[in-house]
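Note sheet for the following structure.
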Amino acid sequence: MNELPEELSVNPVPFIAFIGLDAPNNPDHLTVWNSFAINRSFDRPVLYYKLIEQNRKFPPSKIRKSYERYVPNGLIKKNWLRKHLYLLPAVAALFKQIDWEEIQENHNRQAIITEINHLKSEVINRQVKIVLVLLISKQSPAIADDPLFKDQTTKFCDECDISPKCFFYIPIQNETQCHNAVLKIEAVMNDMARNHYAFKAKLIKTLKDQLNKTTQNYLFVRHEFKLGFYHEIRQIHSTALSHYKNAYTSLIEIRLNPMNCSEIKNIAALLNYKIIKMFFNLNVPLDAISYFKRHIEIFQNKFVSDQIRFEHFDWLSKQYLMFAELFDMAIATFHLAPSATHNPGVYYFESAVYLLKRRSSALESLHQLNQNEMDFASDILAKHKDTDFVGQLPWFQNDSYSDDMKFKVLQFSERSINLTPTLINLYLNVLDQVKKFKKPRFIRFVMFLIGEEYFKMENYKDAMNYYYNILAYYREEKWRQLHLTIIKSAMISAFRLIDYNNFIKCGFEFIANESVPMEFKHSLVNCLISFLRLQYSPFIFDQETNSTKASEWTEKFTAIKNENTIGPIFINIDHDNNFVNCKIRFEIDRFSIEDEIPISVFVLSHLPIDLDHVEFNIKFENSQLDSHCIPIAPISDCLKAESLNVFRFKLCPLFRISEIFAKTIKISEIIFTIKNDVVVKFQWSFSNNRSTVPVSEMNKDSHQFNRIVSKTSAEIVNLESKIDFEIKHHKELLVNENVLIEICIHSKESHHITNINLEAMVLKNNVEIDTSNQWFKFQGDVLAEKKQDERYFLADRLAPGQTLIKEIVFRSLYAGQKKLSMKFNYELKLKHDNHVQIIANDKTYFTLLNVIDPFQFNSSVSNYADPKTSQIRLNEPFRLSYKLKSSCNVPLEILGVQNQLAQNVQMITKSSPQFPCCIHNNETIQESFLLSCPSESSLFALGTSTIQWTRKEKNRCDDEITVGGDMRKRLIVSETTFNLNSIVIQPSMIFIELFLPEKVYARNPFMARYKIHSRMDIDVIIEITMGNAEYFMIAGNRQIKTLLLSKSSTDQFYIFFPLTCGQLSLPKIEISIHSIGQSPVRIDYINQMITSSVFVLPKLRTTINI
């Protein structure tokens, strides 16, 4: 087949030739070369530099004065692209290593001039720009700015017949100056190169305008292609795209015939490649896809004859391949985002599809050739090696051959082409693309196609790798026919590779497929059994290699016998597609560790023959159980053909095996073993539990098998506890009461129990542990609090029939109904054959507790002015009192009260009841204190009051639970703590005290002393005013001013004469503070500090001396 030039895929850039630069041998030249071509940054222009030897030879120029009657033999010459990319430069740079002083010598100047003239003669009529670059080792500091130097260089350029703009020098000894000079020269040469290609494009355009489109349409295509190529080199992609599209349009207007069909299609492919590439470079991928589809539509059915239709399929395949490669390159370069429907993988796959069509069409055409035609075609191919034009078939240009003969030559040339490696590469490219879009089903299909290609090229090892990667999926998804194709190919591959293990595995899986006829199954089973006995038997699916492979298999069997290199072959058949179906069942769902456990295995065989020397083994998740699961007699070692086989097993009691068990026993797998010279073990892991027989294969046994329900796990239940216990406590519990709970345990176990402990807890919501309770234990006669997660240790050992009595104490901090949980844990010792097994066991007791509040507590603070207050003045006496009321039906004995007052509170007097005392329901006791506070303070609590109490003992407690005997009487004191009121101590400038006689009588005068204290740091004048009283006559200064010194006190005396008896209100006293220059300040809280009334007794008959 005619191939497109490989230069088509090259990204064209301006070509600049370096002449006279000996980089491999001269270090200075190498430094200059690296500065140009190697050490490049991204901001420098893209150029192609090439070192040209001194004995170079550029392509000669072909001068054509007129195109008026010129008719070309083809569209585009094969070497044209190569010539302009690699052979004919746009700029030729001549390098000379010489100092400026040496140039002044005449013979050096003449040598340079001669070389420049020779170079000009080689590129005459090629419009190649010539540049002279001097590599100067020595340079004076002012050489660049020296006017004399500029004049000399101008004169030298005139002698060389080059422009001064084409003359440069590089100071090679200074690295910085060298690099700067390289950048300057590169920029100038880049402009020259682009101007060169612009001039060439202008010249081509002038020639194109002279063409006759009717008769010279080939030249229209050629010139438009050249214009596009020159603009592509100049990186003007939009203009290049326009010219390539014009060339394509002119091309499709040419009429096709057998002689030019191949050429036009290949040139169309070349132009399409360029157009698509320009679209991607301009970042319009949708236009690229659209144009490619249009290109395919135009040439979809354009081929000469059905005899060479394979050639057309080859062309279509290459179109999709080229587009896929361009698309892939654009994604990497321009960071495009392909979709699942538009990605390179789609086009790689289409390319592979057309290659498959090419192979199919070529196979059909090869049968049409006879020997004479093949010999003749071979001679023609030897005579016509190549052609000068892209896309032409050499023998198609010779009119002496008939069209039919030309087609037969093409058919003959197709015979030697192997498409398999190309197809594999295409499929691998498809895989790389499809994996990005997560299409697992399509991925597996492509892997199947790759495996098929490897199978065709007899690379059986790689074929088997791909088959095995997808086999499980098609088996599980029940793609029966595709699964059969894959497993058959894999089995043949293993047979031809002399791969014993894989052949056996594939063989057994093949006979499991329900699509295999029964006679094939019978023959293959006999073959497999023979192979397991290390005896060769003909393989029915590979008759063509049976004779050649028999000796190799015989040698393999001999090696296995001698070296014993083959161990058991393990085959996992944990799926539905099996030649046998298996179910397993525990005959009981729940059992204890003292029970024997029966297990049944049900095996339904689909084989046409009986299998002898078979064995079943049950494996458990706990591997310690495997050796203790034994078959129950009678034991059968034969698997009956096409029938349901049942095998019985039993598992010995678990306490004989291990000390630690999970809550369930689970069967992990069953191993079905066929015993021969080579052992095969089939494994079921029961991961899906879907072992059923298809309806198409139903019979009596299969109906029975389908009704069987697998049970692969069974629950281990704890041994039933055989201990009895009794619990005694009060029916109704009280908040903060230390409740004595008596526990009586009686063992009915037949073995000793040890390490007996108790987990006592209160549950809320029947699940969560209520931590708002306290548990206590006795340490001797001392009550100690138990930690939250601590267990009560009851006893080390308890013999059968023995009884244990223990006491614990419980305290509830809150009222309400509570659920009490008591879990008794112990260890049971089991003995078997001198083996002691310790088994943990437990028993739990639940009961509801009703907890109520035993007391109602009420406290209050009062002073002389307010019976309920929380604000007290500094040093002001106030009274704290509380009432304790019983709110339960149980008589309570109050043993005492402990009052813990705050540190800044002083007690003046106290009134308390006599303790201990007994109170019943709704009965009250009260206590009061007269207190004062000598220091200021914000809001604070006065303290706490702790009540020490217990239930009133009786001769017999009617409200106790009497279970298993009398409760032992043990006095346990409970304590309930209440918080007292909180008060605020306010500051006072003045504090007053009132002193009265203990007894006051009517019509008898008595003296009242008012003691006034100053809390201030300054001396003040106070005005004291005594108010009127309805029931008293008053003697003394009713209004008086006096000096009150700082931090001191003064007394004021009055004589009161009560006019009647009873509780009489005392007159109000007012005190005002006078300061110089300020208004008087009245103290309005004075009367809150002293008593406001006095109780007057009836008149005495004697006179009191006041």
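Here the working numbering = 1-based position in the sequence shown + 300. Glycine included, C-beta positions come from ideal geometry on N, C-alpha and C.
Going by DSSP, C827 is part of the alpha helix (DSSP H) stretching over M818 to L832. Fully enclosed beta strand (DSSP E) runs of no fewer than 3 residues occupy 1103 to 1112 and 1116 to 1132 of the region 1095 to 1132, in order along the chain. As for any beta strand (DSSP E) of minimum length 3 sitting wholly inside the region 1281 to 1340, the runs are 1282 to 1286, 1290 to 1295, 1306 to 1314, 1320 to 1326 and 1332 to 1335, ordered along the chain. DSSP places E1085 within a strand segment (E or B) once states are collapsed to three. Counted as a single uninterrupted DSSP element, the beta strand (DSSP E) harbouring K919 occupies residues V914 to F920. With respect to the 9 Å criterion, I970 and I1041 are not classified as neighbours on the basis of their beta carbons. If you check the CB distance, G691 and L308 do not come in under 9 Å. In this structure, DSSP gives D1351 an extended state, which the three-state scheme calls strand. Comparing C-alpha distances from N512 to each of H612, F395, E368 and I413 shows the shortest one belongs to E368.
For D926, same chain residues with a beta-carbon under 8 Å away, outside a window of 5 residues either side, are N917, I918, K919 and F920 in chain order. In this structure, the straight-line span from the alpha carbon of L394 to that of E401 is close to 19 Å. With a contact defined as Cβ atoms closer than 8 Å, R1111 and Q1074 qualify at about 4 Å. A residue is called buried when at least 16 other Cβ atoms come within 10 angstroms of its Cβ; S1346 does not meet this threshold and is exposed. The C-beta separation of H913 from K975 comes to about 4 Å, placing the pair in contact by the 8 Å criterion. Here the C-alpha atom of R1251 lies approximately 46 Å from the C-alpha atom of P1297.
When DSSP states are grouped into helix, strand and coil, M1207 belongs to the strand group.
Between T1144 and M1122, the C-beta gap is smaller than 9 Å, which places the two residues in contact. Taking 9 Å as the cut-off, the beta carbon of L551 is found closer than this to the beta carbon of A568. For I504, no beta strand (DSSP E) segment is defined; the enclosing uninterrupted segment is the alpha helix (DSSP H) at E475 to D509. Sorting N355, M757, E650 and Y774 by C-alpha distance to the C-alpha of H418 places N355 at the top.
The residues K1022, I1023, D1024, P1100 and G1101, in chain order, have a CB closer than 8 Å to that of K1048 in the same chain once the five nearest residues on each side in sequence are set aside. In summary, P817 is exposed, with fewer than 16 beta-carbon neighbours lying within 10 Å of its beta-carbon over all protein chains present. Two segments are said to touch when three or more pairs of C-beta atoms, one from each, lie closer than 8 Å; by this definition the region 1318 to 1326 touches the region 1339 to 1353. If the five residues before and after V746 are omitted, its C-beta is found closer than 6 Å to the C-beta atoms of Y727, V730 and L731, all from its own chain and listed in chain order. If you look at L726, you'll find it in the alpha helix (DSSP H) that goes T720 to V734.
In this structure the region 1028 to 1035 does not lie against the region 898 to 915, because fewer than three pairs of beta carbons, one per stretch, are closer than 8 Å. The straight-line gap separating the alpha-carbon atoms of N572 and I504 is approximately 21 Å. Taking all protein chains shown into account, P471 has 16 or more neighbouring C-beta atoms within 10 Å of its C-beta and is therefore buried. If you draw a straight line from the Cα of I829 to the Cα of I1016, it is about 42 Å long. K577 sits in a helix when the DSSP states are folded into three classes. Counting of Cβ neighbours within 10 angstroms places S1393 among the exposed residues, the total staying below 16.
D1070 is positioned such that its CB atom lies closer than 9 Å to that of K1118. Taking the Cβ atoms as the reference, I724 lies roughly 15 Å from I743, outside the contact range of under 8 Å.
In the three-state scheme derived from DSSP, where H, G and I count as helix and E and B as strand, M791 is classed as helix. Fully enclosed alpha helix (DSSP H) runs of no fewer than 4 residues occupy 378 to 382, 400 to 403 and 406 to 422 of the region 357 to 439, in order along the chain. Rounded to the nearest angstrom, the Cβ distance from N1018 to N1125 is 11 Å, too far for a contact under 8 Å.
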